[in-house]
């Protein structure tokens, strides 16, 4: 079954230090489809991360809706939105955002401690094996950048979410590790997931099926490759 | 929801700050616990020490001074009870015994007391632990903790405590230890007890019996040859006799009191001080916790990004709230528990020093007051822990992700 994620008439405003509001993001009608990698590109400060936060339901909308299949996610209460995010979104961060004093296993299993969601008993070990993570290390901070990135991937996929959000996933990696990340994102898209990546990495842009360009917080166009 | 893994990671990351916070709470708690436990130990120790003295009759003056001198064998000067009153008291038929007391000498810093065998038996609980009662003026019975062994010979020295420096020198008579009292849990455990006649004799005073004739020991005393004494310990025959004696000897020439009366006054004073100090201790502890909460807020602000990450990964706000609250609660909880143990240990150490200097047996224990103090602290800590928790709960920390 194909899934779809739709943003309609989105407007997000932030206030500055003086309390003056300014528009941070405007998107009229954007559709994300399963099996596709959508790359959100644009210069720094153009609103790429904000767009990912909107999709994840992390920031309130001034107007507009975010619809997951037939469900309007933006209208959900915060508690329900948190649950929806936990189950449906896998988040990858530029600098991984792992908890350095937890073990790799502890990091991957951390979302299990958020609520009552469960996974098959062997899920964590299976993910660590799939991503060749050395689970025996006592601290994640002892891992190499490439290994940390794999732990972050495993954590994002714990609940096998249909949507993957990746915020500059290759920005802090060398060429070889960046290529691995791009390949993994492509594999996830092949598995039928909606993959949305905020990046200005040309290699990642080249791997995208759809390119969304952001300019000063405005989603300008969707370019299909 | 199980925030323990995340909280454990925070503790591991900031272990030095966590240990510092726990140490502060532990010290603050220990001070309060030690103070309350010590005060109670002093109270029960002093009550135990006074337990074997029924009625004290002395010259008019400070009952506290007399009490300190007779029961606790502290040095100090008190007025002497006149020989007339002493004679009347020693012959009073309502008394099972009346034992005059004489002080002023020491051996190796331990007080020497002159009295009669009746009081020794009473303080020793009816019988001696070893040896026998003195049978002549140059024999002595020692307290349970005295370093003098049965058969040891010694000379009494002038003075006791603060008075010692003013009047140094030994009496000529050599005395022999013939008996040891049972444990009295009082300063009397270190005392050396001589016949009261010996005390009077070495100070060139009438020694209670006709000098021409047989040298009796103890009652009956000859009223014509009695000297003044600092106090007389009376064991009344009945309870009503006790109150009548107390009433009759409260006059211009003497005062009579039950040790418990003086202790109650002292306890009331100590109670007021303890209450004040308890409030101050609790206030100090609350301030420590408030400072720690402020420290935690500052510390966790550095870690806003991990909290934001948790939210992005799907953690509900209450997960953040619970994590922060739990972190502070763990600091306060473990600090309080360690403080309770440290306080008990500190009370034991202080008691050892106090026991050595006063002769009283002090056994501090953890009681309901200390547990209440710790529980109050825990409660205050858990409530104050909500401050940083709610702060993080309400903050739009997702901005940290940008």
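Residue numbers (my numbering), protein chains in the order written: chain A, 1 to 225; chain B, 1001 to 1402.
Built from N, CA and C at the ideal position, the CB exists for glycine as well.
These numbers come from a predicted model, not from an experiment.
- Interface flag for residue 1314 of chain B against chain A is set, since a Cβ pair is found closer than 8 Å.
- Assigned with DSSP and collapsed to three states, residue 1105 of chain B falls in strand.
- Interface annotation for the stretch 1278-1311 of chain B against chain A: 1305, 1306, 1308, 1309, 1310 and 1311, criterion Cβ-Cβ distance under 9 Å.
- The three-state secondary structure of residue 175 of chain A, taken from DSSP, is helix.
- Proximity of residue 182 of chain A to chain B, defined by a Cβ-Cβ separation below 8 Å, is not satisfied.
- Residues are counted here when their Cβ sits less than 8 Å from a Cβ of chain B; for the stretch 73-88 of chain A these are 78, 79, 82, 83, 85, 86 and 87, given in chain order.
- For residue 198 of chain A, the three-state secondary structure derived from DSSP is strand.
- None of the residues of the stretch 135-167 of chain A has a beta carbon lying less than 7 Å from any beta carbon of chain B.
- Residue state for residue 13 of chain A is assigned as strand, using DSSP reduced to three classes.
- Residue 1071 of chain B is not a Cβ neighbour of residue 1254 of chain B, given a cutoff of 8 Å.
- Nearest to residue 1205 of chain B by C-alpha distance, out of B/1392, B/1374 and B/1083, is B/1083.
- By the rule that beta-carbons nearer than 8 Å mark a contact, residue 1274 of chain B does not touch chain A.
- In terms of beta-carbon proximity, residue 1327 of chain B stays away from the interface with chain A, with every pair separated by 8 Å or more.
- Taking C-beta atoms as the reference points, residue 219 of chain A and residue 26 of chain A count as a pair closer than 8 Å.
- Shown here for residue 1118 of chain B: same chain residues with a beta carbon closer than 6 Å to its own, the five before and five after excluded, namely 1097 and 1099 in chain order.
- Taking a Cβ-Cβ threshold of 9 Å, the residues of chain A close to residue 1317 of chain B are 78, 79 and 82, in chain order.
- A Cβ-Cβ distance of about 5 Å is found for the pair residue 1385 of chain B and residue 1329 of chain B, placing them in contact under the 8 Å criterion.
- With a minimum length of 4 residues, the unbroken runs of alpha helix (DSSP H) contained wholly in the stretch 1291-1337 of chain B fall at 1304-1313.
- For residue 158 of chain A, the closest C-alpha among the options A/21, A/74 and A/118 is that of A/118.
- Measuring C-alpha to C-alpha distances from residue 148 of chain A to each of A/162, A/180, A/164 and A/55 identifies A/180 as the nearest.
- Taking a C-beta cut-off of 9 Å against chain B, the contacting residues of the stretch 111-128 of chain A are 111, 112, 113, 114, 115, 116 and 117, listed in chain order.
- Counting only unbroken stretches of 3 or more residues, the beta strand (DSSP E) elements lying wholly within the stretch 48-92 of chain A are 63-68 and 89-92, in sequence order.
- Listed along chain A, no residue sits closer than 8 Å to residue 1041 of chain B by beta-carbon distance, the nearest being about 44 Å off.
- Per DSSP, the unbroken beta strand (DSSP E) holding residue 1234 of chain B starts and ends at 1231-1236.
- About 12 Å separates the beta carbon of residue 92 of chain A from that of residue 182 of chain A, a gap too long to meet the 8 Å contact definition.
- Chain-ordered, the chain B residues with CB closer than 7 Å to the CB of residue 102 of chain A read 1005 and 1009.
- Sorting B/1093, B/1230 and B/1279 by C-alpha distance to the C-alpha of residue 1237 of chain B places B/1093 at the top.
- Below the 7 Å Cβ cutoff, chain A contributes 113 as neighbours of residue 1002 of chain B, in chain order.
- Assignment of beta-bridge partners to residue 1256 of chain B by DSSP yields B/1057.
- If you compare the alpha carbons of B/1322, B/1078, B/1178 and B/1050 with that of residue 1060 of chain B, the shortest gap goes to B/1078.
- In this structure, the beta-carbon distance from residue 1392 of chain B to residue 1259 of chain B does not fall below 8 Å.
- Classified as exposed, residue 1220 of chain B has fewer than 16 neighbouring CB atoms from the shown chains inside 10 Å of its CB.
- Contacts with chain B (Cβ-Cβ distance below 8 Å) from the stretch 47-61 of chain A involve 49, 50, 53, 56, 58 and 59, listed in chain order.
- In the same chain as residue 1351 of chain B, and ignoring 5 residues on each side of it, the C-beta atoms closer than 8 Å to its own belong to 1038, 1041, 1362, 1363 and 1364, in chain order.
- Among the CB atoms of chain B, one or more fall inside 8 Å of the CB of residue 106 of chain A.
- At least one beta carbon of chain B lies nearer than 8 Å to the beta carbon of residue 93 of chain A.
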